[in-house]
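Contents: one structure, followed by commentary.
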Amino acid sequence: MACGRDARTPAGRRTRAGAGLEIRFGARCDAAWTRIRQTRVGDRVEITAPGSPPQRAAVADKFDAGRYLFTQMVPARQLSAPHACLIPASGDARECVATWGLAQRLAASAARTARVRRAT
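Counting from 1, position 95 in the sequence shown corresponds to residue 156 in this note's numbering; the numbering is continuous, with no gaps.
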């Protein structure tokens, strides 16, 4: 997966139920996706980005609950404000994370990485 090789996690949090919810960003393909872990069967996750349909994934069984689970990618040119939510199977309120305001930091970090690669 070329997009994921140098992916960064510009936003993430631990939910009240203990699940990890992250937005991953692949600069090589200007795409973002959501990664969740330590979830429960029936939990769902979705990621949205401006101008793109939402992408969703569901924790179908114990195997899914015990590993990282990913959504499909959404276009995220320069991290154009992706927003991800975990919808718990318990019926509790959804918990979300967003990248708003982080695009400049991520771009600066990517530029530093590129400079280091060119220097080596």
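Glycine included, every Cβ here is placed at the ideal spot set by N, Cα and C.
Every value quoted in this text rests on a predicted model; they were computed, and no experiment measured them.
Select from Phe86, Asp122, Lys123, Ala63 the residue whose C-alpha is nearest the C-alpha of phenylalanine 69.
The residue asked about is misnamed: residue 69 is arginine in this sequence, not phenylalanine. Among Phe86, Asp122, Lys123, Ala63, the Cα nearest to that of arginine 69 is on Phe86.
Alpha-carbon to alpha-carbon, arginine 128 and arginine 75:
15 angstroms
With distances taken between CB atoms, is the gap from isoleucine 97 to proline 143 smaller than 8 angstroms?
no
First and last residue of the alpha helix (DSSP H) that includes glycine 65?
63 to 66
Between which two residues does the beta strand (DSSP E) holding alanine 137 run?
Counting along the chain, alanine 137 falls outside any beta strand (DSSP E), and DSSP gives it neither H nor E.
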